[in-house]
Amino acid sequence: MVSQYTLPDPLVSTSGDPITQPHIWIRSRRPELLNVFASEVYGHLPENLPSPKFNVTSSNQNALDGAAARHELEISFPKLANAPTLQLLVYTPNNRTHRVPAFLGLNFRGNHTIHSDPGITLSTAWMRPNGPGDVENRATEKSRGKSKERWPVERILDRGYALATLYYGDIDPDFDDQFQNGIHGAVDAPTDRHASSWGSIAAWAWGLRCALDALESLPAIDSSKVAVLGHSRLGKTALWAGATDPRFALVISNNSGCGGAALSRRAFGETVARINTSFPHWFCDNFQKYNDNENTLPVDQHQLITLIAPRPVYIASATEDQWADPKGEFLSAKYAEPVYQLLNEPSNLPDTPPPPDSPVGQSIRYHLRTGKHDLTEYDWEQYLNFADFHFKE
Ligand code: GTR
22 MVSQYTLPDP LVSTSGDPIT QPHIWIRSRR PELLNVFASE VYGHLPENLP SPKFNVTSSN
82 QNALDGAAAR HELEISFPKL ANAPTLQLLV YTPNNRTHRV PAFLGLNFRG NHTIHSDPGI
142 TLSTAWMRPN GPGDVENRAT EKSRGKSKER WPVERILDRG YALATLYYGD IDPDFDDQFQ
202 NGIHGAVDAP TDRHASSWGS IAAWAWGLRC ALDALESLPA IDSSKVAVLG HSRLGKTALW
262 AGATDPRFAL VISNNSGCGG AALSRRAFGE TVARINTSFP HWFCDNFQKY NDNENTLPVD
322 QHQLITLIAP RPVYIASATE DQWADPKGEF LSAKYAEPVY QLLNEPSNLP DTPPPPDSPV
382 GQSIRYHLRT GKHDLTEYDW EQYLNFADFH FKE
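The numbering used here puts the last residue of the sequence shown at 414; the count rises by one with no breaks.
#1: Is A354 helix, strand or coil when you go by DSSP?
#2: Counting only runs that start and end within the region 228 to 288, where is the beta strand (DSSP E) found for 3 or more residues in a row?
#3: Say whether chain C places a C-beta atom closer than 7 angstroms to the C-beta of L107.
#4: Could you please give me the residues that DSSP links to G349 through a beta bridge?
#5: Please name the residue, chosen from T391, T265, D86 and V320, that lies closest to A357 on a Cα-to-Cα basis.
#6: Could you give the distance in angstroms between the alpha-carbon of A337 and the alpha-carbon of R171?
#7: Taking 6 angstroms as the cut-off, is the CB of R254 close to at least one heavy atom of ligand 1?
#8: Examine the Cβ distances between the region 216 to 227 and the region 105 to 116 and report whether three or more of them are shorter than 8 angstroms.
#9: Quick one: what's got a C-beta closer than 7 angstroms to N297's C-beta in the same chain, skipping five residues either side?
#10: Find out if the Cβ-Cβ distance for the pair A354, H394 is shorter than 7 angstroms.
#11: Below 8 angstroms, can you find three or more Cβ-Cβ pairs linking the region 358 to 368 to the region 40 to 50?
#12: Considering only heavy atoms of ligand 1, does any lie closer than 6 angstroms to the CB of F126?
#13: Go ahead and pull the three-state DSSP assignment for Q383.
#14: Measuring only the C-alpha atoms, how far is Y6 from T212?
#15: In the DSSP assignment, find the beta strand (DSSP E) that holds V111 and state where it starts and stops.
#16: Could you spell out where the beta strand (DSSP E) holding G140 opens and where it closes?
#17: For G206 versus P194, is the C-beta spacing smaller than 7 angstroms?
#18: Closer than 7 angstroms by C-beta to D415: which residues in its own chain qualify, once you throw out the five before and the five after it? Chain order, please.
#19: Taking 6 angstroms as the cut-off, is the CB of G206 close to at least one heavy atom of ligand 1?
#20: Contact check, P333 vs S384 under 8 angstroms by CB: the rounded distance?
#21: For G349, count neighbouring Cβ atoms within 10 angstroms of its own Cβ and tell me buried if that reaches 16, exposed if not.
#22: How would you label H92, buried or exposed, when you count the other beta carbons within 10 angstroms and need 16 or more for buried?
#23: For G181, is the beta carbon positioned less than 6 angstroms from some heavy atom of ligand 1?
#24: Confirm, please, whether the CB-CB distance from Q322 to S299 is below 7 angstroms.
#25: What do you reckon, are the CB atoms on I242 and Y335 nearer than 7 angstroms?
#26: Which residues in the same chain have their Cβ closer than 7 angstroms to the Cβ of H411, if we skip the five residues on either side of it in sequence?
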């Protein structure tokens with residue numbers, strides 16, 4: 022079912038030189054690879070991106086029955102006309118004497134969907150339709166707490182972590198409008214866009230970086246210990262955020278699949294051609310050159326994982342999520358190992374994918390959860406354990 026393929030070697034430069042020393046990787050090969058991913062897959066950020074300003078819009082020290090402080094911050098770009106405003110929701114656990122590490126992730130349906138806490142401001146942004154017949158495209162009170170299964174807020178706080186989240190549609194609404202709305206519309210002059218201009222995944226990843234800037238301003242949070250996490254298209258985004266911004270201390274990709282952790286050359290489940298057809302706005306236009314032509318890609322997704330090295334990265338798949346190619350996600354992790362080894366970070370992955378529900382690996386960790394494409398309590402338990410291991414040694 023999967024045709025023969027040869028993967029590009031992360032430890033051989035474009036000009037064919039083997040990379041045998043950590044400093045050559047860091048100074049020359051890593052930037053080279055990052056640049057190819059930007060040019061051919063996700064797109065380059067424009068040069069005129071504004072810096073964010075933060076403004077705390079609400080605070081409650083006694084949220085969730087006293088378990089947490091809840092803050093809402095507005096991230097704005099006053100120097101840029103028509104720039105979107107991003108709403109960041111942050112919970113920090115109460116009764117801690119030290120600054121706490123944090124999980125940061127984008128959400129799919131608005132901050133008010135992650136918990137039924139009535140103090141969370143209802144999003145007024147554009148929403149993906151809820152199904153056929155939904156023409157409103159706006160959140161209603163009914164949607165409070167709708168995604169709470171994916172966000173075990175109390176559990177995260179109880180384990181000593183803060184949780185920060187923002188709605189990805191605040192940064193760039195997720196539909197193909199030729200980049201007229203969201204941050205693209207405010208920054209890109211349509212005539213300036215070219216084949217390697219940023220797509221939506223790059224924009225969402227940039228939004229995560231702005232959110233990290235905002236977290237750095239909060240004294241309760243240890244911003245040197247922020248784990249960036251995402252599910253599915255937002256898992257692809259978390260990986261690209263981790264690759265482009267070394268301030269993310271740990272990176273988690275949950276069921277990210279094609280254009281995320283899965284190897285493109287396996288063309289198993291969702292392929293490059295399928296994803297570019299269904300979601301032409303996610304990647305840069307250059308990525309379309311590789312539709313049904315994966316073997317000519319100058320990079321593959323195991324090299325995306327290497328861009329996170331030596332920082333810890335967790336890649337998770339699900340047994341019923343064949344669309345995301347669990348085996349291809351495992352192999353990406355595995356083939357990223359030589360770079361972690363070069364940088365002296367043991368990853369200890371087995372040679373073949375582990376059985377379901379048996380996490381493996383150290384700096385690069387992997388599990389295949391029983392069940393469908395989702396972000397579950399089981400997944401979160403593993404991420405909390407992983408963060409404990411790396412942040413609380
Ligand atoms: C699917 C898409 C996947 C994945 C998923 C999601 O439709 O084919 O690449 O990203 O959406 O984000 O839910």
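In this text, a Cβ means the ideal position worked out from N, Cα and C, and glycines have one as well.
Once the coordinates are examined:
#1: helix
#2: 242 to 252 and 271 to 275
#3: The question asks about chain C, but that chain is absent: this structure has only one protein chain.
#4: According to DSSP, which records beta bridges pairwise, G349 is partnered with nothing at all.
#5: V320
#6: 15 angstroms
#7: yes
#8: no
#9: F304, F308, Q309 and N312
#10: no
#11: yes
#12: One point to set straight first is that residue 126 is Gly, not Phe, in the sequence displayed. Because no heavy atom of ligand 1 lies under 6 angstroms away, the Cβ of G126 does not count as near it: no.
#13: coil
#14: With the chain represented from 22 up to 414, any question about residue 6 goes unanswered, as that position is not in the structure.
#15: L107 to P114
#16: Looking at the DSSP string, G140 is not in any beta strand (DSSP E), and its letter there is neither H nor E.
#17: no
#18: Past the boundaries of the shown model lies residue 415; the chain is included only from 22 to 414, so the question cannot be answered.
#19: no
#20: 5 angstroms
#21: buried
#22: buried
#23: no
#24: no
#25: no
#26: L271 and P333
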